[in-house]
Amino acid sequence: MLKTLEMRWFKWGEIPLSLRQWFERDCAGTWLGTAQTRTDWYLRPIAPCNYLNLKFREGRLEMKWRQQALVKFSLHQQWEGVAEKWIKWLCEEESLKEFSPEDQVWVAVEKSRQQRQFILSLDSVCNIELTALRVQDQKWWTLGLECTGDLESLHTIALQVSENCPETLTDAEAAAYPHWLWQQLF
Numbered sequence: 156m157l158k159t160l161e162m163r164w165f166k167w168g169e170i171p172l173s174l175r176q177w178f179e180r181d182c183a184g185t186w187l188g189t190a191q192t193r194t195d196w197y198l199r200p201i202a203p204c205n206y207l208n209l210k211f212r213e214g215r216l217e218m219k220w221r222q223q224a225l226v227k228f229s230l231h232q233q234w235e236g237v238a239e240k241w242i243k244w245l246c247e248e249e250s251l252k253e254f255s256p257e258d259q260v261w262v263a264v265e266k267s268r269q270q271r272q273f274i275l276s277l278d279s280v281c282n283i284e285l286t287a288l289r290v291q292d293q294k295w296w297t298l299g300l301e302c303t304g305d306l307e308s309l310h311t312i313a314l315q316v317s318e319n320c321p322e323t324l325t326d327a328e329a330a331a332y333p334h335w336l337w338q339q340l341f
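One rule links them: number in the numbering used here = place in the sequence shown (from 1) + 155.
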């Protein structure tokens, strides 16, 4: 089980070149290398649900549950969004190797993700990701922060990263994957 504090935004279309260049060259944090590409399979939501996420990724099942929406941050009049507290469980059973999510109850989300990382202490890490998405032949992108530390750590990193970011991220664009996926499918 992993507990995290997270903030995330989604925007339609391709990642703007200025944002991609900023993330690769100027964004704070340690660069974790070139983009990783994969397809995650999300359980198709049957009702609006912004607090539960079940996905199949690289041979394992992952469940994330949002425990709490914490506080709305406004960062340099550049980013605005709510910090959320999440818990993630991983299931890596041998029988999952035969599992095939390619039916109507699962939705494929193609991802190409780049990451940066801040190591704040032995038990506090903050990852920043910039991810190109494709779902049902639509292109989107997301910028997200995931922190294993406390709320102050998340706020400090978000404040530092947002300071010179060329993209404005609004509260209306802030969402977790379950909410965003529901909007795309219905």
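In this text, a Cβ means the ideal position worked out from N, Cα and C, and glycines have one as well.
Neighbour-count burial assignment, residue i, 16 or more Cβ in a 10 Å radius
{"i": "GLN270", "result": "buried"}
{"i": "CYS188", "result": "A small correction: the amino acid at residue 188 is Gly; Cys does not occupy that position in the sequence shown. Answer is exposed; the Cβ neighbour count stays below 16."}
{"i": "GLU328", "result": "buried"}
{"i": "LYS266", "result": "buried"}
{"i": "ASN319", "result": "exposed"}
Where residue i falls: helix, strand or coil (DSSP)
{"i": "PHE254", "result": "coil"}
{"i": "ILE312", "result": "helix"}
{"i": "GLU235", "result": "strand"}
{"i": "PHE273", "result": "strand"}
{"i": "GLU161", "result": "strand"}
{"i": "ALA327", "result": "helix"}
{"i": "GLU169", "result": "coil"}
{"i": "GLU247", "result": "coil"}
Pick from the options that is closest to residue i, judged by C-alpha positions
{"i": "GLY214", "options": "GLU247, GLN222, GLY236", "result": "GLU247"}
{"i": "ARG199", "options": "THR159, GLN233, VAL290", "result": "VAL290"}
{"i": "GLU322", "options": "ALA331, TRP177, HIS334", "result": "TRP177"}
{"i": "GLU191", "options": "ARG268, TRP337, GLN338, SER279", "result": "Checking the sequence shown, residue 191 turns out to be Gln, not Glu. Per the Cα distances, ARG268."}
Test: residue i CB closer than 7 Å to a CB of chain C
{"i": "THR185", "result": "Here chain C cannot be found, since the structure has a single protein chain."}
**Asked** Within the chosen definition, does the region 224–234 reach the region 178–196 through at least 3 CB pairs nearer than 8 Å?
**Response** no
query: Does the region 302–310 come close enough to the region 262–282 to have 3 or more Cβ pairs within less than 8 Å?
result: yes
Check your understanding: In chain order, which beta strand (DSSP E) runs of at least 3 residues are fully inside the region 184–230?
Key -> 191–198, 207–212, 215–230
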